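Student: Take this structure, written in structure tokens, and hold onto it; I'll ask about it next.
In full-length UniProt numbering, the protein residues as written are 1 to 96.
So, in structure tokens, the structure goes:
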């Protein structure tokens, strides 16, 4: 399939098969908002269900206290629930 014929979601899936990425990286590469990139990733995770592949998520992590037990891994938390720091690294996604 030619790149022009692929949907954004298909191109993001191919990108995540090749290399892990954060929502911000996907947003920049595919000219969408970070929120749209997260919605695409969420849909990708659901559509991979009947296949042998799966979406792997490295959870967001607080840069101050190291907290990683966030409730929603497919989200970009604005602050740490533990120490209230706003320095939280984004989740990283990959398809394997």
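Ideal placement from N, C-alpha and C gives every residue a C-beta, glycine not left out.
Just so you know, these numbers come straight off a predicted model, no measurement behind them.
Check residue 13 in the structure and name its three-state DSSP category.
Tutor: As a first step, residue 13 is located in the chain shown; it is residue number 13 there, counting from the start. DSSP places residue 13 in helix when its eight states are reduced to three.
Student: I'd like to know whether the C-beta atoms of residue 63 and residue 25 end up nearer to each other than 8 Å.
Tutor: In the chain shown, residue 63 corresponds to position 63, counting from 1. In the chain shown, residue 25 corresponds to position 25, counting from 1. No.
Student: For residue 16, I'd like the list of residues in its chain whose CB is within less than 6 Å of its CB, leaving aside the five on either flank, ordered along the chain.
Tutor: Position 16 of the chain shown, counted from the start, is the residue given in the question as residue 16. Once the five neighbours on either side are set aside, the close Cβ partners of residue 16 are 93, 94 and 95.
Student: Classify residue 56 as buried or exposed, calling it buried when 16 or more other Cβ atoms lie within 10 Å of its own Cβ.
Tutor: To locate residue 56, count along the chain shown from 1; it is residue 56. Under this definition residue 56 is an exposed residue.
Student: Report all residues from its chain with a CB closer than 6 Å to the CB of residue 49; omit the five preceding and five following residues, and keep chain order.
Tutor: Residue mapping note: residue 49 aligns to position 49 of the chain shown, counting from 1. Answer for residue 49: no residue qualifies.
Student: Looking at residue 36 and the ligand COA, is the gap between the Cβ and the nearest heavy atom below 7 Å?
Tutor: No copy of the ligand COA occurs in the structure displayed, which carries no ligand at all.
Student: Specify the secondary structure class of residue 93 as computed by DSSP and reduced to three states.
Tutor: Counted from its first residue, the chain shown places residue 93 at position 93. Residue 93: strand per DSSP, three-state reduction.
Student: Could you check the C-alpha separation between residue 73 and residue 41 for me, to the nearest Å?
Tutor: Mapped onto the chain shown, residue 73 falls at position 73. Mapped onto the chain shown, residue 41 falls at position 41. Computed Cα separation, rounded: 11 Å.
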